[in-house]
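Below is one structure; the comments refer to it alone.
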Amino acid sequence: MVETKKIFSQKQVLSWMCILIAVLPLAIPNMNFHHVMIMFVIFAALGQSWNIITGFAGQTSFGHAAFFGIGAYTSSVLFWKYMVSPWVGMLLGALIAMGVAVIVSYPCFQLKGHYFAIATLAIGEIIQQIFVSWEYVEGATGISLPILPEGFLQLQFHQSKLPYFYIAYVLFVLVIVVAYGIEHSKMGYYLKAIRESQEAGEAIGINPTRYKLFAMMISSFMTAIFGSLYAQYILYIDPFMVFSLPLSMKIVLLTVLGGLGTLYGPIIGAAILIPLSEYTRILFGGTGKGIDLIIFGLLVVLVACYQPKGMIGLFGGWARKGQRTGGEKGE
Amino acid sequence: AKQQVQQSAQPEQAKTPEEKVDVVKIGAIFPLTGSAASTGVKLKYAVETAEEIINGEHPELDMPLAREAGLPNLGNAKVKFIFADHQANPEVAKSEAERLIQNEKVVGLIGCYHSSATKPASQVAERFRIPFVAGSSSSAALTERGLEYFTRIAPNDDMETAFFFEYLKYLNATYDAGIKTIGVAYIDNEYGVHAAQMVDKWLKDKYQGEGFEKVVDVKYPKDLSNVDTEVQKIKAAKPDAIFHASYIGDITQFVKKYKEFDVVPKAVVNYCGGFQDPQFVVNLGKDADFFSGSNATAPSLFAKMDTLNKINEIYKKKSGVDFDGPALEDFASAMVIADAINQAGTIDSQKVMEAIKSAVFEAPYFVSGKIKFGKNGQNEYSASVMVQTQNGKYEAVWPVDYQTAEPIPTFPAWKNR
Amino acid sequence: MILQIIVSGILMGFVYSLVAVGLTLTWGVLDIINFAHGEFLMMGMYSAFWMYSLFGMDPLLSIPFAMGIVFVMGYFTYRLIIKKVINAPGLTALLATFGLSLLLRNLAQFIWSPNYRFINQSIVMDKKIVLGSITLGVPQMVAAISSIVMTMAVFYFVEKTKTGRAIQATALDKNTAKLMGIHTEKIYALTFGISGACVGIAGALTATFFPIHPESGALYSLLAFVIVALGGFGNIKGALYSAIIIGITEALGGFLFGTQFKYALVFLIYLIVIQIKPKGLFGW
Amino acid sequence: MNKVMLKVDGITMRFGNLIANEDVEFQVHEGEIVSLIGPNGAGKTTLFNCITGFYKPYAGRVIFRGKDITFLPPHQICRLGLTRTFQIVKTLKEMTVKENILTGAFLHARKRKEAEAIAEEIIELTHLTGKKDQLGANLTIADKKRLEIARALATKPLMLMLDETMAGLNQTEIKEAMELCVKLKKAGVTLVIVEHIMEAIMPISDRVIVLNSGKKIAEGAPEDVVKDEQVIKAYLGERYYAKSKKC
Amino acid sequence: MLKVKNVSAGYEHIPVLFDVSFEIQGGEVVAIVGSNGAGKTTILRTISGILKPMAGEIEFLGERIDNIPAHKIVEKGIAHVPEGRHVFGKMTILDNLLLGAYTLKSQEDIRSVLKEVYDIFPKLKDRENQKAETLSGGEQQMLAIARAMMSKPKLLLVDEMSLGLMPLLVDKVLSILKAISERGVTVLLVEQKVQEALEIADRGYVLQTGRVIAEGTGKALLASERVKRAYLGM
Ligand SMILES: Nc1ncnc2c1ncn2[C@@H]1O[C@H](COP(=O)(O)OP(=O)(O)OP(=O)(O)O)[C@@H](O)[C@H]1O
Ligand SMILES: Nc1ncnc2c1ncn2[C@@H]1O[C@H](COP(=O)(O)OP(=O)(O)OP(=O)(O)O)[C@@H](O)[C@H]1O
Ligand SMILES: [Mg+2]
Ligand SMILES: [Mg+2]
């Protein structure tokens, strides 16, 4: 695999991944599978967005559901109350999420490590509570989106899920392009420098607050886009669904699972986690004994234990097998 | 594969009616894991009970589909309920509904307990033109969406609220209970908030004029560690009656704290939720007494209702507990959808839906004895009775026709128990 | 009444501190986020419930049992899981313990059913002390006193004993700790065990006044996260004090601003405090 | 004499009760190499931190090329052309040597190509060519120190402040480092060096400033400073004195 | 006393030591010198058990120690002063010292070593309750050595202790090491400051890119042309 790494550039590997993802739903025309693919693409993109602030810039966010929810709510409320096209809502939602991100994260950037992480968690929970109590957006009751005739403009498709998939897919590819662009530009280097040592970064002329803010803005913008898309796809949202801590954690975990701070990570992670959770539930969820989640939990533990650097570690690891092990003593 | 593409591209296309069926599949979506799993699992047992009654031969039961094995009008085809877990997540409810329809080819859906899950799941059913019969989901909003393929058995919170006020009026009139002020304690989610809205609505529309007044409104967060503050607020306002929209975990804590802080309202009425769970009495023992709530059934009624009693025996063998309201309602939803398919004599969803909408279903397990859906899909016969816990048992106390015990109109002081 | 609410808040705070002290050991001292901490608590509660349902044992008497069970769980969580991920970057331990939390939660559902359980026999059950206008529930009082005792014991243990020093040293610099002759693996496992024992006790104590359910640990662990951060990571006394602050915030804030906001207010307090003291109230 | 590049004017810094710098005052001229020496804990690193914006001094001012930079944040100071290294190296561990340097090079490069060109040049200059694809984390201390300098150089500083970058090098490598300093000086970079290795800095320094317990106790040409009684007593020790006399 | 036989070791499967062998007699001061990245630190880490050798054997007092964990090796009487001090910054000086005595069982013993150590480093006694991170670099170095002394070692491994120390202190610490060795403790010294190290050492080894390329008495090595050219820049 080390060999292949040299032969194929990151760009090529990513392109192949994207092509594979694009043709898979055509190859397997099953609606439930399409659903899994849509969820996969959405979550891979969410992981990618989150990766920018946490994987690249090293600022652990446990509150990304806040941006997701803001995106979902903005487009849904506009659509439901004023019949504004979800596309407009999507853009507005992303902008609002970005604004909120700036306002809430700016004061938190002085916090280090876990203190920052808990702060984002707190912000996420507070924003959820605001929406639960906000009558204008129907509070805890949630919003059922009106069902309209199919159409690209109103972002509703009833015959087939493929249009949803390809819309999500295009946005997903855009997110990858953005993430790729960031990683290979000045900004990417600066973010990673901040992650490794903020002080070293400052000493070579990096304004950490500014770059963290940029990263947060981009990350929240993209997260919100997928929030809108998700709401449009499910056609129902409530605050417990789109602002939940488990959602934030899902984004975190799939990225960690795949490999934090890499472009492949979120894709690999989502490709494992989403089908795994869907299919364990489908196979065992009907028992009513929690067997699906026992199995899912166990698999997550095993993956974490045997691929502690994320699944991406697999690719680096193969080449080294067969050598006598030395290194740090375990015991 | 090509055929499949066509099929998924035209979901509304109905199956050919002549098709011979051996097994009729019906999807059942419940919260089988997560914080509502305790209820969800009971609902699953209830549906399994229905399945057993339909598929087996139960001459002892005087109700449709019991005597013969399977669905007689479909050549004794068996019914198979396929369960799915929505984990209290609307997204999952939606995708499970789709999967059940698409992959499992179910011809009808029941569920989902949580109204928030029933909403998207029934939208899917609507889109595929598959009948959806909700059992215990109580949000009034469900039947206000104008869906054609959606019906619901349980009385909604709108009806429940009126029922509560009428009960309080009955207590005032018959026992001179003197209940005027009310407090509402409810969970901050769709279930609680909607119930509280209905209280406000009914007060404004009708009952304020009849002397009722709301004095305190306690909304508490969804996940909850303790209710000290909530109970203090209630205690300070001294309402005569408390309306509770709470789940089993919270209501248990409330009762504990009512006792600790010596809160003695005259009556506590509960929306369909935690109070109706038999675990309420198990957990709280004597402290559980004198609370009341609307319920589709009560174990004390079993003596009066022979069929229900026998059904309950089957259920109890599976679940280890007696039927409670939500379980019976979801049992009913399973029976109704099977009955409708049988009456239609086909699995053609449009015909089945016609049957659902037009038939009057025999339901000897309900006090109302019948189920009939109105235009909007709401069951017109409210199956509810008011039950009160007395000596560790749920007694039906109102309406008078179904009374198994007289209501105890006011709460005794905690120390006098 | 305000007084009653504050008192209730303080009592609740003590209960929280029971949970938080265990967390501050693993998260603060060893820098491992144990996402399954709440599930450990839940296991403590079920241990008590188990003893109760099998032998009718008073939860207070099953404290040692619960403590033992969860100690062992913590110990093996380290040996079997954490050990494998401890050298991995950043959040891998989080992933592993998240999986563990799902596993435990659903295992509990599998074994004990998802029903809400309640223990209604204990010598402290339903007892209360009434002082003028203030009511103190004896179960909470017992929990509060145990919590102080336990926090002090853990504090003393970590700060003043040889093993405690070894824990600190291991936390600060694992490799150098080895050079001192410290069996760091054992120390890690022990710390996890102790963290487990703390929540085990907490579980048995809270079982006297809270419903027991597979999900019942989740909220506590969320609050414990905030408490540990507010107190300053790794600071045991800080966890105690900030737990009380959180308890009061929740009770009083809920009373003044609406009970639905009580946890939001807790989070808000954290955000405000952290702006002034970015390393927590008592952090290094 | 050349223009004044840096003027440190009465800097005082405290940590609680501890006074780490007290009224320190000195100037650095363009193109000079100035060494800052003093016992462990004398406050050299603290002074660096005050000058480069990492600490806000308790009193005093720092003027760099005529501009008051006392309260500017570090990254702005760096932009003005004053870059420092860290005594406790802050290698960007999960990045390769080249990426480490590239990050510094982006300060004056709009495009990636330009940055790469700068980085290549610096890699050559600091003899890191063979290690450019190694991860920062896997370097030895000495290489980390070298990388620390390289990264700072990539920002094209006018003035470079080095904090014990030669510690841990052997004599041969120290020689190389000395040559590098001289080369930089020739290229017009002004240097302020903190170092405990007298053999290394005495020959190349134009001036030496001695700090003790936060205060400046001596300043002057290297050969004068080593003879200073106070400096010998507080810092150099008799052995060094004896050795230096021998030579 | 210590026999290192054909040891290879490295990090993450990449070897940095190749077939290294040497011996130390009881009571000696032995210096290992060599340029950066030669693997000096790696040798010490392998002896003290932080690293597992990929091949070869290490014997201490006739017992094999290459396959036992680090904390057991300390019990056998090897103490390691790591490169870069590594004092426990957030803990007090006394706590640091007590941690050094972690392997001692009796309180009596601990008290007596503590007294002995305070005799050698009186400055530490005055600051007993100060947090170690507030010490200056030199003082931290002393603490690191003192801490290692607390385990009553038979063999003391000292890595690069002159790093970042002012000249005055380098002298002082070296003389302390000499004093320690006179109390009967064997010392294995790893140093960049070749001259200084070899001056106090009885014997020395020169390491280059993971291999021993020269050995001899301190004086002999200092005089050798090869060493002079390579390490003393003469
Ligand atoms: N952040 C801080 N908080 C508290 N005290 C500090 C801090 N930084 C430095 N000190 C103290 O200030 C004094 C000066 O430290 P400084 O690091 O500047 O010394 P130095 O001259 O660089 O020494 P060395 O040559 O050992 O590096 C020391 O006593 C140190 O303990
Ligand atoms: N943790 C590590 N992971 C990978 N490689 C390492 C690690 N530590 C050291 N190395 C490599 O091992 C080799 C020898 O390192 P070692 O630290 O033993 O050298 P040294 O002689 O002590 O050098 P120095 O004088 O710089 O301390 C170097 O090439 C270094 O890059
Ligand atoms: Mg310094
Ligand atoms: Mg070394």
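In the order they appear, the protein sequences are chains A, B, C, D and E.
When you read off a place in the first sequence, starting at 1, and then add 206, the result is the number in our numbering.
When you read off a place in the second sequence, starting at 1, and then add 601, the result is the number in our numbering.
When you read off a place in the third sequence, starting at 1, and then add 229, the result is the number in our numbering.
When you read off a place in the fourth sequence, starting at 1, and then add 1, the result is the number in our numbering.
When you read off a place in the fifth sequence, starting at 1, and then add 2, the result is the number in our numbering.
No residue lacks a Cβ here, since even glycine has one placed at the ideal position from N, Cα and C.
Can you find at least 3 beta carbon pairs, one from the segment 968 to 988 of chain B and one from the segment 878 to 891 of chain B, that sit closer than 8 Å? no
Closest Cβ-Cβ distance between residue 14 (chain D) and chain A: below 7 Å? no
Pairwise C-alpha distance: residue 804 (chain B) and residue 765 (chain B): If you take the alpha carbons of residue 765 (chain B) and residue 804 (chain B), they lie about 12 Å apart.
At 9 Å on the CB atoms, spell out the chain C contacts of residue 77 (chain E), in chain order. Among the residues of chain C, those whose CB is under 9 Å from the CB of residue 77 (chain E) are 410, following chain order.
Kindly indicate which three-state DSSP category residue 149 (chain D) falls into: helix, strand or coil? DSSP places residue 149 (chain D) in helix when its eight states are reduced to three.
If you measure from the CB of residue 45 (chain D), is any heavy atom of ligand 1 nearer than 6 Å? At a threshold of 6 Å, residue 45 (chain D) counts as near ligand 1, since its beta carbon sits closer than that to one of the ligand's heavy atoms.
Reducing DSSP to helix, strand and coil, say where residue 1025 (chain B) ends up. Since the first residue of chain B shown is 602 and the last is 1018, residue 1025 (chain B) is not available in this structure.
Check whether the Cβ atoms of residue 627 (chain B) and residue 712 (chain B) lie closer than 7 Å to each other. With contacts defined by Cβ atoms closer than 7 Å, residue 627 (chain B) and residue 712 (chain B) do not form a contacting pair.
State yes or no: is the beta carbon of residue 375 (chain A) nearer than 7 Å to at least one beta carbon in chain B? no
Report yes or no: do three or more beta-carbon pairs, one from the segment 998 to 1016 of chain B and one from the segment 907 to 918 of chain B, lie closer than 8 Å? Because the criterion of three Cβ pairs below 8 Å is not met, the segment 998 to 1016 of chain B and the segment 907 to 918 of chain B do not touch.
Does residue 764 (chain B) come out as helix, strand or coil in the three-state DSSP assignment? It is helical.
If you run the structure through DSSP and keep just helix, strand and coil, what is residue 220 (chain E)? helix
Is it the case that the segment 57 to 72 of chain D contacts the segment 214 to 234 of chain D, given that we only count it when at least three CB pairs across the two stretches are under 8 Å? no
Please return the same chain residues whose Cβ sits closer than 6 Å to the Cβ of residue 1010 (chain B), not counting the five positions on each side in sequence. 772, 776 and 778
DSSP state of residue 93 (chain D), grouped into three classes? coil
Short Cβ contact (7 Å threshold) for residue 473 (chain A) with residue 245 (chain A): no
Interface residues of chain B around residue 326 (chain C) at Cβ under 9 Å? The contacting residues do not exist; residue 326 (chain C) stays about 19 Å from chain B at best.
Closer than 8 Å between beta carbons: that is the criterion. Which residues of the segment 164 to 190 of chain D meet it against chain E? 165, 168, 169, 170, 171, 172, 173, 174, 175 and 176
Can you name the start and end residues of the alpha helix (DSSP H) that residue 472 (chain A) belongs to? Residues 470 to 490.
Sub-7 Å separation of residue 38 (chain D) and residue 211 (chain D) beta-carbons: yes
What's the call for residue 494 (chain A), buried or exposed, on a 16-neighbour Cβ count within 10 Å? buried
At the 7 Å Cβ level, is residue 45 (chain E) part of the contact set with chain C, yes or no? Interface annotation, residue 45 (chain E): not in contact with chain C, CB-CB separation never under 7 Å.
Quick check: what's the CA-CA separation for residue 77 (chain E) versus residue 410 (chain C)? 6 Å
I think residue 345 (chain C) touches residue 639 (chain B), with their Cβ atoms under 8 Å apart; what is that distance to the nearest whole Å? 6 Å
Could you pull the DSSP bridge partners for residue 996 (chain B) from this structure? B:989
Tell me whether residue 68 (chain E) sits in a helix, a strand or coil according to DSSP, three-state version. Shown here, residue 68 (chain E) sits in coil according to DSSP, grouped into three states, outside any helix or strand.
For ligand 6, list every residue whose C-beta falls under 5 Å from any of its heavy atoms, going in chain order. With respect to ligand 6, the structure shown offers nothing to examine, as its ligands consist of ligand 1, ligand 2, ligand 3 and ligand 4.
Chain B beta carbons: is any one of them nearer than 7 Å to that of residue 480 (chain A)? no
Cut-off 8 Å between Cβ atoms - residues of its own chain near residue 860 (chain B), not counting five sequence neighbours on either side: 888 and 1015
At which residues does the alpha helix (DSSP H) containing residue 433 (chain A) begin and terminate? Its alpha helix (DSSP H) spans residues 414 to 440.
Should the segment 31 to 42 of chain E be regarded as contacting the segment 177 to 197 of chain E, the criterion being three or more beta carbon pairs within less than 8 Å? Contact between the segment 31 to 42 of chain E and the segment 177 to 197 of chain E is present, because at least three Cβ pairs lie under 8 Å.
Whose Cβ in chain C lies nearer than 7 Å to the Cβ of residue 455 (chain A)? 327
Relative to chain E, which residues along the segment 37 to 70 of chain D have a C-beta separation below 7 Å, given in chain order? 40, 41 and 42
List the residues that DSSP assigns as beta-bridge partners of residue 326 (chain C). None, per the DSSP bridge assignment.
Closer than 6 Å by C-beta to residue 208 (chain D): which residues in its own chain qualify, once you throw out the five before and the five after it? Chain order, please. Only 35 meet the Cβ criterion.
For residue 728 (chain B), name the three-state secondary structure that DSSP assigns. helix
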